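This report refers to the structure that appears directly beneath it.
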């Protein structure tokens with residue numbers, strides 16, 4: 001499976017697309033210590049210098065509450081920083097994340113009468129880049145190599161892979177193929193409909 005996956009993305013790599021990694025780091029408490037409101041904290045790194053062993057934290061984009069579990073929050077991390085994070089011991093990841101939370105949530109902690117973020121009762125991080133059956137987790141973004149090669153649209157990604165009999169046996173779908181609405185639900189729906197019709201034609 002890993003060999004097949006690698007071969008597929010080598011083929012698509014020629015079209016400016018590579019398999020990336022987007023991981024989640026989730027923490028949970030008995031109750032939300034940040035208050036009753038939904039937590040939505042976007043990270044913008046400016047004039048911050050982290051020690052080398054914690055540079056992976058630069059990849060944290062945001063902290064969000066989980067709608068179904070209001071006492072939980074999750075952070076998203078992508079690209080090379082996600083790969084670095086996956087190689088770290090889980091306790092190190094947890095410790096670094098807690099240190100970051102204590103730093104960026106200092107004002108909230110004061111408002112809640114807390115001196116520090118309580119120890120979580122739940123911790124989990126994904127490692128999709130190292131997962132035997134995944135080998136990555138996201139491929140929506142055109143790679144820098146693709147941009148350098150002059151790829152201005154995602155339409156080339158819509159070309160399927162054909163077998164030796166020239167029959168299409170693998171196609172892609174979803175918002176990753178939308179040139180103008182990638183990363184959006186309507187882009188996923190639009191491309192999904194187009195690909196569904198294409199599959200119907202292939203099956204005739």
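Numbering (UniProt numbering), first residue to last: 1 to 204. Glycine included, C-beta positions come from ideal geometry on N, C-alpha and C. Here the structure is a predicted model, which is why all the values come from computation and not from measurement.
query                                                                                                   : result
Alpha-carbon spacing of residue 113 relative to residue 34, whole angstroms                             : 10 Å
Where residue 191 falls, given that 16 or more other Cβ within 10 Å makes a residue buried              : buried
Exposed unless 16 or more other CB atoms sit within 10 angstroms - verdict on residue 116               : exposed
6 Å Cβ shell around residue 178 - same chain, five flanking residues per side excluded                  : 187 and 191
Through-space distance from residue 24 to residue 85, alpha-carbon basis                                : 10 Å
Where residue 77 falls, given that 16 or more other Cβ within 10 Å makes a residue buried               : buried
Where residue 90 falls, given that 16 or more other Cβ within 10 Å makes a residue buried               : exposed
Span of the beta strand (DSSP E), counted from its first residue to its last, around residue 182        : Note, residue 182: premise wrong, no beta strand (DSSP E); not H, not E.
Residue 72 (DSSP reduced to helix, strand or coil)                                                      : strand
Residues near residue 158 by beta carbon distance below 6 Å, same chain, minus five either side         : 177
DSSP-derived helix/strand/coil call for residue 92                                                      : helix
Contiguous beta strand (DSSP E) assignments of at least 3 residues, all confined to the stretch 149-175 : 168-170
Residue 120 vs residue 39 beta-carbon contact at 9 Å                                                    : no
Collapsed DSSP secondary structure at residue 36 in the structure displayed                             : coil
Pairwise C-alpha distance: residue 195 and residue 81                                                   : 33 Å
Exposed unless 16 or more other CB atoms sit within 10 angstroms - verdict on residue 36                : exposed
As assigned by DSSP and simplified to three states, the class of residue 31                             : coil
Contacting residues, own chain, Cβ-Cβ under 7 Å from residue 189 (five flanking each side not counted)  : none
Residue 78 - partner residues in DSSP beta bridges                                                      : 22
Beta-bridge pairing of residue 65 - partner residues as DSSP gives them                                 : 73
Three-state secondary structure (DSSP) of residue 42                                                    : strand
Close beta carbons around residue 163, own chain, < 8 Å, minus the five adjacent residues each side     : 169
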